[in-house]
Amino acid sequence: MALAGGETAQMPGLYQPGTYDLAGTIIGVVEEDRALHGDDITSGDILLGYGSTGLHTNGYTLARRIVFEQMGLDLADQLGDTGQTVAQALLAVHRSYYRSVVPVLDRVHGLAHITGGGIGGNLVRILPAESQATVDPDSWELPPLFTTLQQAGRVSTGEMRDVFNLGVGLIAVLPPDAVAAAQSAAAADGVPTWVMGEIHRGSRTVRFARP
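Counting along the sequence shown from 1, when you hit position 114 you're at 128 in the working numbering, and nothing is skipped either side.
Put into structure tokens, the structure is as follows:
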């Protein structure tokens, strides 16, 4: 068996000495002419955000520190204004966007899965040179999980944006005339979406409209 790639998870306080975790993966195959490299992203394209169900796969080290050490909560305790217990909030299932995206994949210019590095760190990876993404942080309401973590942990807005997905699990970059179809496909799958920004000419960066 060849382990051709991957990453080493950094989760201090979770793995005890002598304990290892071996995770599986799924590798897909796509024809080169159908691969989304972001090359078609252009000025005027729209950023469409797809709602997350919670932390998804990143930010657990900081979240656990806030919840268990700073807030002093147990798994069965209610977590702030989330309407969930700690266990329910931290173990929420990672949402799949497959059924939301596939119906409109031919219209999509780029997809950014919001994992480690947050919105800025992942969206910039798909931008071509001379394209800047402007994100409007007022275009969606921060889910209670993230406001609770920020307030209880006294976490700066900058760190929140670097560590957590902030309620955005996926961003699709697509032309304006494809937005309605994309939102319709997502709604049919029960996934909330919203227009959260736009592509402009500029340096290859992600800019938040509000600091």
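All C-beta atoms in this analysis are idealised placements derived from N, C-alpha and C, irrespective of residue type, glycine included.
A quick note: this is a predicted structure, and the numbers were derived from the prediction, not measured.
Contacting residues, own chain, Cβ-Cβ under 6 angstroms from residue i (five flanking each side not counted)
i, result
"glycine 216", "Gln146"
"aspartate 203", "Arg113, Ser114"
"alanine 106", "Thr67, Gly68"
"proline 190", "Ile60"
Three-state secondary structure (DSSP) of residue i
i, result
"leucine 156", "coil"
"isoleucine 80", "helix"
"glycine 124", "strand"
"isoleucine 40", "coil"
"alanine 90", "coil"
"glutamine 98", "coil"
Inter-residue Cα distance where the pair is residue i and residue j
i, j, result
"glycine 42", "alanine 49", "11 angstroms"
"alanine 103", "glycine 181", "13 angstroms"
"aspartate 152", "tyrosine 34", "41 angstroms"
"leucine 93", "leucine 159", "8 angstroms"
"aspartate 47", "aspartate 53", "12 angstroms"
"proline 206", "threonine 99", "23 angstroms"
"tyrosine 64", "phenylalanine 178", "15 angstroms"
"aspartate 176", "proline 225", "13 angstroms"
"leucine 87", "histidine 214", "44 angstroms"
One or two residues paired with residue i in a DSSP bridge
i, result
"tyrosine 64", "Leu184, Thr207"
"phenylalanine 222", "Val149"
"glutamate 212", "Ile60, Thr148"
Beta-carbon contacts of residue i that lie in its chain and below 7 angstroms, excluding the five residues immediately before and after
i, result
"proline 117", "Ala199"
"leucine 156", "Leu180, Gly181"
"leucine 137", "Ala126, Ala147, Ile185, Val220"
"histidine 51", "none"
"threonine 71", "His108, Thr129"
"methionine 85", "Ala166"
"glycine 124", "Leu50, Gly52, Ile55, Ile140, Val187"
Cβ shell of residue i (< 8 angstroms), same chain only, five flanking positions each side left out
i, result
"aspartate 95", "Pro158, Thr161, Thr162"
### Message
Measuring CB atoms only, is the segment 187–202 touching the segment 57–64, in the sense that at least three cross pairs come out at less than 8 angstroms?
### Response
Because the criterion of three Cβ pairs below 8 angstroms is met, the segment 187–202 and the segment 57–64 touch.
- How do the segment 152–170 and the segment 71–82 stand: do at least 3 beta-carbon pairs fall below 8 angstroms, yes or no? yes
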